[in-house]
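Visitor: The opening residue of the sequence shown carries number 53 in the numbering used here; numbering runs sequentially from there.
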Amino acid sequence: MRIAKIFFSISLLLIVAGGCKIGKNYTKPEVTLPDSFRFAEDTATVNAEIKWWDMFDDPTLDTLIRFALENNNDLLIAAENVEQARLGLKIQKAEMLPKFDMSAQGSRGNFAGFKLDDVSNNFSLTGSVSWEIDIWGKYRRMNEAAKAQWLSTNYGYQFIKISLISSVATTYFSLLEYRKKLEIAQSTYEIRDRTLNIIKQRFDAGIIPEIDYNHAQIQREIAAAFIPYYKRMTAQTENLLSVLIGQLPQSIKDNTTIEDIKSEVKIPAGLPSELLSRRPDILSAEQELIAQNAFIGVAQADRLPSVSLTGLFGAASNDLSNFFTGGSAWSIGAGLASPLFHWRQKSNRLKIERSRYEAAIHEYDQVVLNSLREVEDALVALKTLKDEQAAYQRRTIAAINAMKLSGERYDRGVANYIEYLESQRQAFESQLELVTVKQQILSSYIQLYKALGGGWASEEEMNAADSGGNTQK
Numbered sequence: 053m054r055i056a057k058i059f060f061s062i063s064l065l066l067i068v069a070g071g072c073k074i075g076k077n078y079t080k081p082e083v084t085l086p087d088s089f090r091f092a093e094d095t096a097t098v099n100a101e102i103k104w105w106d107m108f109d110d111p112t113l114d115t116l117i118r119f120a121l122e123n124n125n126d127l128l129i130a131a132e133n134v135e136q137a138r139l140g141l142k143i144q145k146a147e148m149l150p151k152f153d154m155s156a157q158g159s160r161g162n163f164a165g166f167k168l169d170d171v172s173n174n175f176s177l178t179g180s181v182s183w184e185i186d187i188w189g190k191y192r193r194m195n196e197a198a199k200a201q202w203l204s205t206n207y208g209y210q211f212i213k214i215s216l217i218s219s220v221a222t223t224y225f226s227l228l229e230y231r232k233k234l235e236i237a238q239s240t241y242e243i244r245d246r247t248l249n250i251i252k253q254r255f256d257a258g259i260i261p262e263i264d265y266n267h268a269q270i271q272r273e274i275a276a277a278f279i280p281y282y283k284r285m286t287a288q289t290e291n292l293l294s295v296l297i298g299q300l301p302q303s304i305k306d307n308t309t310i311e312d313i314k315s316e317v318k319i320p321a322g323l324p325s326e327l328l329s330r331r332p333d334i335l336s337a338e339q340e341l342i343a344q345n346a347f348i349g350v351a352q353a354d355r356l357p358s359v360s361l362t363g364l365f366g367a368a369s370n371d372l373s374n375f376f377t378g379g380s381a382w383s384i385g386a387g388l389a390s391p392l393f394h395w396r397q398k399s400n401r402l403k404i405e406r407s408r409y410e411a412a413i414h415e416y417d418q419v420v421l422n423s424l425r426e427v428e429d430a431l432v433a434l435k436t437l438k439d440e441q442a443a444y445q446r447r448t449i450a451a452i453n454a455m456k457l458s459g460e461r462y463d464r465g466v467a468n469y470i471e472y473l474e475s476q477r478q479a480f481e482s483q484l485e486l487v488t489v490k491q492q493i494l495s496s497y498i499q500l501y502k503a504l505g506g507g508w509a510s511e512e513e514m515n516a517a518d519s520g521g522n523t524q525k
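1. Please report how far the alpha carbon of N522 lies from the alpha carbon of N173, in whole angstroms.
2. Spell out the partners DSSP gives Q157 in its beta bridges.
3. CA-CA distance, F211 and Y462?
4. Can you tell me whether DSSP reads L392 as helix, strand or coil?
5. Do the CB positions of L341 and A412 come within less than 8 Å of each other?
6. My understanding is that G189 touches M154, with C-beta atoms under 8 Å, so please give their C-beta distance in whole angstroms.
7. Can you say whether N124 is buried or exposed, counting buried as having 16 or more other CB atoms within 10 angstroms of its CB?
8. Indicate whether K213 and V181 have their beta-carbon atoms separated by less than 8 Å.
9. G140 by DSSP, collapsed to three states: which one?
10. Could you work out which residue in I310, L85, K80, Y78 is closest to L421 when comparing CA atoms only?
11. Are the region 228-240 and the region 273-291 in contact at 8 Å, needing three or more beta carbon pairs?
12. Can you tell me which of P324, I274, A479 puts its alpha carbon nearest to the alpha carbon of G505?
13. Got a sec? Which residues, its chain only, sit under 7 Å from Y224 by beta carbon, not counting five neighbours each side?
14. On the three-pair Cβ rule with 8 Å, is the region 347-363 touching the region 392-408?
15. Please go through the region 202-290 and give each complete beta strand (DSSP E) segment of 3 or more residues, from N-terminal end onward.
16. Suppose the cutoff is 6 Å on Cβ atoms and the five residues either side in sequence are ignored; what does the same chain contact list for L38 look like?
17. On the DSSP bridge list, what partners appear for I384?
18. Report the partner residues of F163 according to the DSSP bridge assignment.
19. Under 8 Å Cβ to Cβ from S127, same chain only, skipping five residues before and after it: list those, please.
20. Mind reading off the beta-carbon distance from I493 to Q441? Whole number of angstroms is fine, and I expect it under 8 Å.
21. Since A346 and A200 are thought to touch, with beta carbons under 8 Å apart, how far apart are those beta carbons, to the nearest angstrom?
22. In angstroms with no decimal places, state the Cα-to-Cα distance between C72 and Y191.
23. Taking only three categories from DSSP, how would you classify F42?
24. Residues in the same chain with beta-carbon distance under 6 Å from A503, minus the five sequence neighbours each way, listed in chain order, please.
25. For V83, does the three-state DSSP call read helix, strand or coil?
26. Just list the residues that DSSP pairs W183 with in beta bridges.
27. For Y78, which of helix, strand or coil comes out of DSSP?
28. Quick check on I449: buried or exposed, where buried means 16 or more other Cβ atoms within 10 Å of its Cβ?
29. Among the candidates L168, S226, L434, whose CA atom is the shortest distance from the CA of S496?
30. Counting pairs of Cβ atoms below 8 Å between the region 262-276 and the region 461-481, do you hit three or more?
31. Which word fits V171, buried or exposed, when buried means at least 16 other C-beta atoms lie within 10 angstroms of its C-beta?
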């Protein structure tokens, strides 16, 4: 007990003496932000707890996203990376504690580094303890870095999570788009096929020239070519969506059409300053900055002397029968190690860490800039796409009516066939483009919510992350 008291008294004195931490504590970098988004119509705070895909009121989309969150391999890999980082933090924290070891040995012979006159037995059982005192805070800085790296990995997981949800939703809307376009192509083909049959009868009767018959053939085959194209795009999109939800490529059974999806969803943009605390990629970049700041302190402490305590306690005997009654063996020691001349290796490593910190600041700034751009892009896309949709809606109505009237004029011999062909083309293209714009609007809502960083973690999960809890579940 006396030995142990001496050992731990020395340790306590050194710990008290080493209460400082070398290096500057982290300070959040200043970022210049606008007061509001240019194209935002509402600055209300985004609700983080909203499952934003529920706004579309589509049970199929809800099911696909749930499957993706449970089975997507990229997300599962990211979750394992979070677990590895968490365990790495535990390993790093243990570096500050004493290390205890034990060894036992037995031997018989007449050699103990030199030849003995007689053969003898030697038995020993020792326990040892070693402890490097964290005088300069090197290990505490390493703990800071490990925690920041774990949080960065955790936020990275959340960013992958919201990216996955966005990918599932945009892919699903693309699938609905291709299905609708396939329906339009098939309907157009049927109309043009019937028209071709009528034109052929007229040509065979000598009423119209052959060129009208050829133009009718061309128009039918244009529609016919779109049918296998949209079938291919539909199947490939189903394959992509299947992989995203962690299943084998297969058909996605669903009767929902793109017209069934609501295109008026209210997502307030909030303030640009809120992005700094909401977007997981920004939070991840900041944690990397915190870690790099801690590594500067580690490099500074690595240039200073280190103190280690060692202790050995055990028993040794030439006779196994009185091994535990023959007395004990012990020793206590302290060691000082200091770098002396390393050809500027230590100072250059410090310069490297400082350079990495500067690079991390620029990376953080770039992530913030890209985040602002993504929000602005999504906002202006929604604003302009809705105007486009209204124009395409009017164009489609007019084009379909013009096609009907041109057909009647052609039947009465008032208009030539070129006019009728042009009205057919306009009607077909405007219907396809209207579907495309609807899909772009839905995808822009998704990109906006992703850009705002909303819906990826509740307030409880964020608090758990800040206090060292696990938010990956």
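Glycine residues also receive a C-beta, built at the ideal position from the N, C-alpha and C atoms.
All values derive from a computational prediction rather than experimental measurement.
Guide: Put simply:
1. Translated into the one-based positions of the sequence shown, residue 522 becomes position 470. Translated into the one-based positions of the sequence shown, residue 173 becomes position 121. At N522 the pLDDT is 42, less than 50, meaning the model places this residue with poor confidence; the figure from the coordinates comes in the next sentence. Straight-line measurement puts the Cα of N173 at about 55 Å from the Cα of N522.
2. Here residue 157 refers to the residue found at position 105 of the sequence shown. Looking at the DSSP assignment, Q157 forms a beta bridge with S176.
3. Working through the sequence shown from its first residue, we reach residue 211 at position 159. Working through the sequence shown from its first residue, we reach residue 462 at position 410. F211 and Y462: Cα-Cα distance of roughly 59 Å.
4. Taking the first residue of the sequence shown as 1, we reach residue 392 at position 340. In the three-state reduction of the DSSP assignment, L392 falls in the coil class.
5. Position 289 of the sequence shown holds residue 341. Position 360 of the sequence shown holds residue 412. For the 8 Å CB-CB criterion, L341 and A412 form a contact.
6. Here residue 189 is taken as the residue at index 137 of the sequence shown, counted from 1. Here residue 154 is taken as the residue at index 102 of the sequence shown, counted from 1. That belief does not hold up - the Cβ atoms of G189 and M154 are roughly 30 Å apart, past 8 Å.
7. If you number the sequence shown from 1, residue 124 lands on position 72. So N124 ends up on the buried side.
8. Here residue 213 is taken as the residue at index 161 of the sequence shown, counted from 1. Here residue 181 is taken as the residue at index 129 of the sequence shown, counted from 1. Cβ atoms of K213 and V181: not closer than 8 Å.
9. Taking the sequence shown and counting its residues from 1, the one referred to as residue 140 is at position 88. Helix, per DSSP.
10. As a working note, residue 421 is residue 369 in the sequence shown. For the residues I310, L85, K80, Y78, the minimum Cα distance to L421 belongs to L85.
11. Touching, per the Cβ criterion.
12. Sequence index remark: in the sequence shown, residue 505 carries index 453 (1-based). Taking only the C-alpha atoms, the option nearest G505 is P324.
13. One-based indexing of the sequence shown puts residue 224 at position 172. Apart from sequence neighbours up to five positions away, the residues of its chain that approach Y224 with a beta-carbon distance below 7 Å are L113, L116, L293, ordered along the chain.
14. The count of Cβ pairs closer than 8 Å, one atom from the region 347-363 and one from the region 392-408, reaches three, so the stretches are in contact.
15. Complete beta strand (DSSP E) runs here, min 3: none at all.
16. With the chain covering 53 to 525 only, the question about residue 38 has no answer from this structure.
17. As a first step, residue 384 is located in the sequence shown; it is residue number 332 there, counting from the start. Paired residue(s): G363.
18. Stepping through the sequence shown from its first residue, residue 163 is reached at position 111. Per DSSP, the beta-bridge partners of F163 are K167.
19. As a first step, residue 127 must be located in the sequence shown, where it is residue number 75. Per the sequence presented here, residue 127 reads as Leu, with Ser not at that position. Beyond the five residues adjoining it in sequence on each side, L127 comes within less than 8 Å, by CB distance, of A120, L121, Y209, I212, K213, L216 in the same chain, given in chain order.
20. Along the sequence shown, one-based indexing puts residue 493 at 441. Along the sequence shown, one-based indexing puts residue 441 at 389. Indeed, because the Cβ distance is near 6 Å, the residues count as touching under 8 Å.
21. The residue given as residue 346 occupies position 294 in the sequence shown. The residue given as residue 200 occupies position 148 in the sequence shown. Indeed, because the Cβ distance is near 7 Å, the residues count as touching under 8 Å.
22. Position 20 of the sequence shown, counting from 1, holds the residue named residue 72. Position 139 of the sequence shown, counting from 1, holds the residue named residue 191. The alpha-carbon separation between C72 and Y191 amounts to approximately 12 Å.
23. Missing from the structure shown is residue 42; the chain here goes from 53 to 525 and no further.
24. Locating residue 503 in the sequence shown gives position 451, counting from the first residue. These residues qualify, in order along the chain: E426, V427, A430.
25. Start at 1 with the first residue of the sequence shown, and residue 83 comes out as number 31. Annotated three-state conformation of V83 is coil, per DSSP.
26. Reading the sequence shown from its first residue, position 131 is the one you call residue 183. DSSP, once it has assigned bridges, lists L361 as partnering W183.
27. In the sequence shown, residue 78 corresponds to position 26, counting from 1. When DSSP states are grouped into helix, strand and coil, Y78 belongs to the coil group.
28. Residue 449 sits at position 397 when you count from the first residue of the sequence shown. By the neighbour-count criterion, in which a residue is buried when 16 or more other Cβ atoms sit within 10 angstroms of its Cβ, I449 is exposed.
29. Position 444 of the sequence shown, counted from the first residue, corresponds to residue 496. Comparing Cα-Cα distances from S496 to each of L168, S226, L434, the minimum goes to L434.
30. Contact holds: three or more Cβ-Cβ distances are below 8 Å.
31. Taking the first residue of the sequence shown as position 1, residue 171 is located at position 119. With a 10 Å radius around the Cβ and a threshold of 16 neighbouring Cβ atoms, V171 comes out exposed.
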